[in-house]
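Participant: Can you read through this structure? Questions will come right after.
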Amino acid sequence: MHADHESPKRADTYAHGGSGGAGGLRESRVAQTFVSLADTLVDEFDLTEFLHVLVERCVELLDVSAAGVLLADQRGGVRMAAASSEKAELLEMFAADTHDGPCVECLNTGRPTGSNNLAADADRWPRFVAAAEMCGFGAAHALPMRLRRDVIGALSLLDTVDDGAHSMSAQLGQALADIATIGILQQRAITDAEVVVEQLQSALNTRVVIEQAKGMLAAHSHSLTPEQAFVKLRGYARARRLQLSNLAHEVIAGTASITAILAHPRR
Amino acid sequence: MSADRRERLLALLAVHDTAFALLCGICDLSVSELAVTGARVRMLGGVETNGGVLAYSTDLLGAELDDLASSTGTGPCVDAFELGHPVLVSDLAAERVRWPGFTADAVTAGVAAVFSFPLLVGAVGLGVLELHRAIPGPLSAIRLLDALLLADLATNTIFDDLHAVAPMTLPSVVDIQAVVHQATGFVAVELEVSLPEALMRIRGYAFAQQRTLSEVAKDIIERRLRLEFGE
Chain F
-2 MHADHESPKR
8 ADTYAHGGSG
18 GAGGLRESRV
28 AQTFVSLADT
38 LVDEFDLTEF
48 LHVLVERCVE
58 LLDVSAAGVL
68 LADQRGGVRM
78 AAASSEKAEL
88 LEMFAADTHD
98 GPCVECLNTG
108 RPTGSNNLAA
118 DADRWPRFVA
128 AAEMCGFGAA
138 HALPMRLRRD
148 VIGALSLLDT
158 VDDGAHSMSA
168 QLGQALADIA
178 TIGILQQRAI
188 TDAEVVVEQL
198 QSALNTRVVI
208 EQAKGMLAAH
218 SHSLTPEQAF
228 VKLRGYARAR
238 RLQLSNLAHE
248 VIAGTASITA
258 ILAHPRR
Chain E
7 MSADRRERLL
17 ALLAVHDTAF
27 ALLCGICDLS
37 VSELAVTGAR
47 VRMLGGVETN
57 GGVLAYSTDL
67 LGAELDDLAS
77 STGTGPCVDA
87 FELGHPVLVS
97 DLAAERVRWP
107 GFTADAVTAG
117 VAAVFSFPLL
127 VGAVGLGVLE
137 LHRAIPGPLS
147 AIRLLDALLL
157 ADLATNTIFD
167 DLHAVAPMTL
177 PSVVDIQAVV
187 HQATGFVAVE
197 LEVSLPEALM
207 RIRGYAFAQQ
217 RTLSEVAKDI
227 IERRLRLEFG
237 E
C-alpha cells in the first residue's frame, strides 16, 4: 500500500507526452481518474476513500514520491485527510499540528506554494523542513483545492529528491485538485440538501397534522367548523402549556382526550 | 451564453426579497419569458401521502393540474420528481396511457403541453417547476435553456431558505391544501378509518365524480357531503 521511495519515476514518459505507447496509456489513465473523481453522486460516498484515490493517482500520474491532502475543518482548523504513504502521513500531520509548511500556507492564501529545494528554504518553514528531511523529502509543492472563494484544502506533492517539479505536472496536479474539490463541494451540497428535505418535510407534516386534527375535532363535535375546532385546540394547548403540534399529533394518534379539548371554554 | 442569460434572469428577479416572493417571481418570469400559459412550483412531490405541496401557481389551471396530480398520484410533475430529470410533453393528448387518470382531465381542462423540471441538488429532489401551455408544441432550445436556469434559481431559493435563519420560512407560507387535510381528519372520524384510508376515500370520490379534491373536501367539512361506508 505505502509506496514511499519505491514509486517509479515516469518523468520521461510524461515529458514527451504524445499520443502513442505509454503516453496514450497515461492519457486514458488521466481520463479515468477524472471520471472517478467527478463521480461523487453515488449512494455510498466515502470522503476518506475518495481522497485516497486522489493521492494514489497523484503519485501514479504526476511523477512524485508521495501525496497528501490537508482539509480545512468547520472551525478554521486544519487536519490531515489523506496521504499516499506512512511518511507523507506523518509529515502532513506534523504540518497540520504546527501550522507550518507550504501546504498550510497554500491553504491560507489559496495560492500554489512550494519549494524544489526544501533545505534552501529552511528559514521560510523551519519546522516543516526539518520534519521533511527526517521523512526523506527534499521537495514539496502544495496546490490549492478551491472553487471561487472557497478554499477547502490543499493537495501536497512530495518528492524525495530536489530535481524540480515539471510545470506540466503542476498543471495536471491542479486539474486533479480542482475536480476533487468540485466533487467534495458537490457531496457537501447533497448532504445539506438532504437536511433541507427533512426539515421541509417535517415542517409541512406539522401543518398537515394540525389540519387533520382540526377536521377530526370538527367531526367529533357534530357542529363546529374546523376553524372553531382550532380555537378549542389552541386554547386547550395554552392552558396546559402543551405544544400545539404535539397536541395535534396526540389527537390524530387517538391518545388525547377529544372530549376534554372540545369542552375547553373559548377564550 | 448561459451565464449571460442567468445574469439577465437574476437581474429581473432582484426586486424580490423573500424566498416566497422569489419563487412567485420565478413562476411569473417563466410565463413572460417562455411563452407558456402558466407556471407553478411544487415543493417535494413523490407519490406517497402528503408527497407534494403547491408553493405557487400563476393561474387557476396550474392549481387544477396540481390538484389532479395530488388526487391521482401521477402526472409529469410526479415523474420529473421521482426520475430526477425533466419531463417534456409537447403534446399531452398523445400521452393518455402514460398517466392514467391525469391526462384526460388535464386535456379537458385545456392543457396541451406540459414541461416539468425537477429542482435537484445532486440526486436530492426539493421540488418541481412545471410549465403548462394551451397550445401544443415543444419549447425552443433557447427557452429550454431559460427554463433550466429558472429551475436552478428555484432550487437555490428553496435551498438557501434553510441557510438564512432557522426555521425555514417557506413551509409556513405555502399552500398545503389545508381543506383537504381537514376533510381527511373529518372523514377518518365519521367512517372510523385511518387517515391514509380517509384520504384515499376522498380521492376516490373526487375522481369518480370528476371533481377536484379541494371542492369535495370543502363540501365535506361544510357538511354538505357525507361519504358513505364502502364508497
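Residue numbers (the numbering used here), protein chains in the order written: chain F, -2 to 264; chain E, 7 to 237.
Glycine residues also receive a C-beta, built at the ideal position from the N, C-alpha and C atoms.
1) According to a CB-to-CB cut-off of less than 9 Å, which residues of the segment 169 to 195 of chain E neighbour chain A?
2) Using DSSP with H/G/I as helix, E/B as strand and the rest coil, what is His261 (chain F)?
3) Could you check what DSSP says for Val127 (chain E) in three-state terms: helix, strand or coil?
4) Within the 8 Å Cβ cut-off, does Ile181 (chain F) reach chain E?
5) Tell me where the alpha helix (DSSP H) around Ala250 (chain F) begins and ends.
6) Pick from F:Ser82, F:Thr252, F:Ala250, F:Leu230: whose alpha carbon is nearest that of Leu259 (chain F)?
7) When the Cα of Arg12 (chain E) is compared with those of E:Leu150, E:Asp85, E:Thr78, E:Arg217, which residue comes out closest?
8) Would you mind listing the alpha helix (DSSP H) stretches within the segment 132 to 188 of chain E that are 4+ residues and don't spill past its ends, in chain order?
9) Quick one: which chain E residues come within Cβ less than 8 Å of Met213 (chain F)?
10) Ordered along the chain, which non-local residues of its own chain (more than five positions away) have a Cβ less than 6 Å from that of Phe91 (chain F)?
11) Ordered along the chain, which non-local residues of its own chain (more than five positions away) have a Cβ less than 7 Å from that of Cys83 (chain E)?
12) Taking a contact to mean a Cβ-Cβ separation below 8 Å, would you say Arg76 (chain F) touches Leu68 (chain F) in this structure?
13) Give the single residue among F:Met213, F:Val228, F:Gln225 whose Cα lies nearest to the Cα of Met252 (chain F).
14) Taking a cut of 9 Å between CB atoms, which residues from the segment 124 to 145 of chain E lie near chain F?
15) If you follow the alpha helix (DSSP H) that Ser8 (chain E) is part of, which residue opens it and which one closes it?
16) Please classify Val228 (chain F): does DSSP put it in a helix, a strand, or coil?
17) Taking the straight line between their C-alpha atoms, what separation do you get for Arg143 (chain F) and Tyr233 (chain F)?
18) Comparing alpha-carbon positions, which option in F:Ala117, F:Arg238, F:Ala190, F:Gly65 lies nearest Thr45 (chain F)?
19) For Gly210 (chain E), count neighbouring Cβ atoms within 10 angstroms of its own Cβ and tell me buried if that reaches 16, exposed if not.
20) Does Ala45 (chain E) come out as helix, strand or coil in the three-state DSSP assignment?
21) Quick one: which chain F residues come within Cβ less than 8 Å of Leu155 (chain E)?
22) List, in chain order, every chain E residue whose beta-carbon is nearer than 7 Å to that of Arg76 (chain F).
23) Count the other C-beta atoms from every protein chain shown that fall within 10 angstroms of the C-beta of Leu51 (chain F), then say buried if there are 16 or more, exposed otherwise.
24) Check whether chain F comes within 8 Å of Leu201 (chain E), counting only Cβ atoms and requiring the distance to be less than that.
25) Is His138 (chain F) helix, strand or coil by DSSP?
26) Just how far apart, CA to CA, sit Asp158 (chain E) and Asp65 (chain E)?
27) What does Leu201 (chain F) touch in chain E if you count any residue whose Cβ is under 8 Å from its own?
28) Within the same chain, show all residues whose beta-carbon is closer than 6 Å to that of Ala140 (chain E), passing over the 5 residues directly before and after it, in chain order.
29) Where are the alpha helix (DSSP H) runs, 4 residues long or more, that stay fully inside the segment 65 to 108 of chain E, in chain order?
30) Just mark Thr256 (chain F) as buried or exposed, buried being the case when its beta carbon has 16 or more other beta carbons within 10 Å.
31) Show which residues of chain E have a CB atom less than 7 Å away from the CB atom of Ala177 (chain F).
32) Please go through the segment 152 to 225 of chain F and give each complete alpha helix (DSSP H) segment of 4 or more residues, from N-terminal end onward.
33) On a CA-only basis, which of E:Arg104, E:Pro142, E:Ala112 is nearest Gly68 (chain E)? Give me that one, please.
34) Only counting the same chain, and skipping five residues up and downstream in sequence, which positions put a Cβ closer than 7 Å to that of Ser33 (chain F)?
35) Between which two residues does the alpha helix (DSSP H) harbouring Val59 (chain E) extend?
36) Is DSSP giving Arg232 (chain E) helix, strand or coil here?
Facilitator: Quick answer:
1) Of the protein chains in this structure, namely F and E, none is chain A.
2) It is coil, neither helix nor strand.
3) Assignment of Val127 (chain E) by DSSP, reduced to helix, strand and coil, places it in the strand class.
4) Ile181 (chain F) does not count as touching chain E.
5) Under the DSSP assignment, Ala250 (chain F) falls in the alpha helix (DSSP H) whose first and last residues are 241 to 250.
6) For Leu259 (chain F), the nearest C-alpha among the options comes from F:Leu230.
7) The shortest C-alpha separation from Arg12 (chain E) is found at E:Leu150.
8) Within the segment 132 to 188 of chain E, the alpha helix (DSSP H) runs of at least 4 residues that lie entirely inside it are, in chain order, 147 to 169, 176 to 179.
9) Under the 8 Å cutoff, chain E gives Gly191, Phe192, Ala194, Val195.
10) Excluding residues within five positions, the ones whose Cβ falls inside 6 Å are Ala128.
11) Closer than 7 Å at Cβ, skipping near neighbours: Arg48, Gly51, Ala75, Ser122, Val134, Glu136.
12) In terms of Cβ geometry, Arg76 (chain F) and Leu68 (chain F) form a close pair [threshold 8 Å].
13) Sequence inspection shows Thr at residue 252 (chain F); the Met mentioned does not correspond to that position. Selected option, being the one with the closest Cα: F:Met213.
14) The residues in question are Leu126, Val127, Gly128, Ala129, Val130, Gly131, Leu132, Gly133.
15) Taken as a continuous stretch (DSSP letters only), the alpha helix (DSSP H) holding Ser8 (chain E) covers 8 to 19.
16) Correct three-state label for Val228 (chain F): helix.
17) Linking Arg143 (chain F) to Tyr233 (chain F) through their CA atoms gives a straight-line distance of about 55 Å.
18) Relative to Thr45 (chain F), the option among F:Ala117, F:Arg238, F:Ala190, F:Gly65 whose CA is nearest is F:Gly65.
19) Per the 10 Å Cβ criterion, exposed.
20) The answer is strand: DSSP assigns Ala45 (chain E) an E or B state.
21) Here the premise fails: no neighbours, minimum Cβ distance about 18 Å.
22) Those within 7 Å of Arg76 (chain F) in chain E number zero; the least Cβ separation is about 24 Å.
23) By the neighbour-count definition (other C-beta atoms within 10 Å, threshold 16), Leu51 (chain F) is a buried residue.
24) Using a CB distance cut-off of 8 Å, Leu201 (chain E) counts as an interface residue toward chain F.
25) In the three-state scheme derived from DSSP, where H, G and I count as helix and E and B as strand, His138 (chain F) is classed as strand.
26) Cα to Cα, the separation comes out at about 22 Å.
27) Within 8 Å Cβ-Cβ: Met49, Leu50, Asn56, Val59, Pro177, Val180, Ile182.
28) Excluding residues within five positions, the ones whose Cβ falls inside 6 Å are Thr43, Gly116, Ala118.
29) Scanning the segment 65 to 108 of chain E for uninterrupted alpha helix (DSSP H) segments of 4 residues or longer gives 66 to 78, 82 to 89, listed from N- to C-terminal end.
30) Thr256 (chain F) sits exposed, since fewer than 16 C-beta atoms from the chains shown fall within 10 Å of its C-beta.
31) The contacting residues do not exist; Ala177 (chain F) stays about 16 Å from chain E at best.
32) Segments of the alpha helix (DSSP H) lying fully in the segment 152 to 225 of chain F: 164 to 218.
33) Per the Cα distances, E:Ala112.
34) For Ser33 (chain F), where only same-chain residues beyond five positions count, the Cβ hits under 7 Å are Val50.
35) First-last for Val59 (chain E): 58 to 63, but that is the beta strand (DSSP E), not the alpha helix (DSSP H).
36) It is coil, neither helix nor strand.
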